[in-house]
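Numbering (the working numbering), first residue to last: 1108 to 1233.
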């Protein structure tokens, strides 16, 4: 039971399942999101020099110490990212931070420029 609960979570109430089915059936918004993510990855390539992954809105940015990077980015640059080591049971993401490129391109550019500034300060090359 514990393993099941770990991976599946609690049962979703039936009204939420119905609402979810309606939302998942609507595909009109998909093209808009795809265009936004494509633009954001173009910005990320320009600012950070990273290549776009095939099917996500995340970037895994290599850093020397993801805890130091995350803490400094939050305290000094007012941005939140998640240390990669927090996203795996065995710390598979150690040495990376995960960035979600989900905002409009202008805001994404501003955030990525702050991340680039911290990377330069810490002498990180991607």
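Idealized CB from N, CA, C, for every residue including glycine.
In this structure residue 1229 is not in contact with residue 1161, their Cβ atoms being roughly 29 Å apart against a cut-off of 8 Å.
Residue 1218: member of the alpha helix (DSSP H) spanning 1212–1228, first to last residue.
Taking 8 Å as the cut-off, the Cβ atoms of residue 1152 and residue 1159 count as close. Beyond the five residues adjoining it in sequence on each side, residue 1223 comes within less than 8 Å, by CB distance, of 1154, 1155 in the same chain, given in chain order. The alpha carbon of residue 1141 has as its nearest neighbour, out of 1211, 1189, 1196, the alpha carbon of 1211. Going by DSSP, residue 1194 is part of no alpha helix (DSSP H) at all; its letter is neither H nor E. In this structure residue 1157 touches residue 1166 by the C-beta definition: roughly 6 Å separates them, less than 8 Å. Residue 1226 and residue 1175 have their C-alpha atoms spaced approximately 11 Å apart.
The beta carbons of residue 1208 and residue 1188 sit no closer together than 8 Å. For residue 1213, the closest alpha carbon among the candidates 1134, 1136, 1118, 1147 is that of 1147.
Taking the C-beta atoms as reference points, residue 1216 is found no nearer than 8 Å to residue 1184. Within the DSSP bridge table, the entry for residue 1207 names 1165 as partners.
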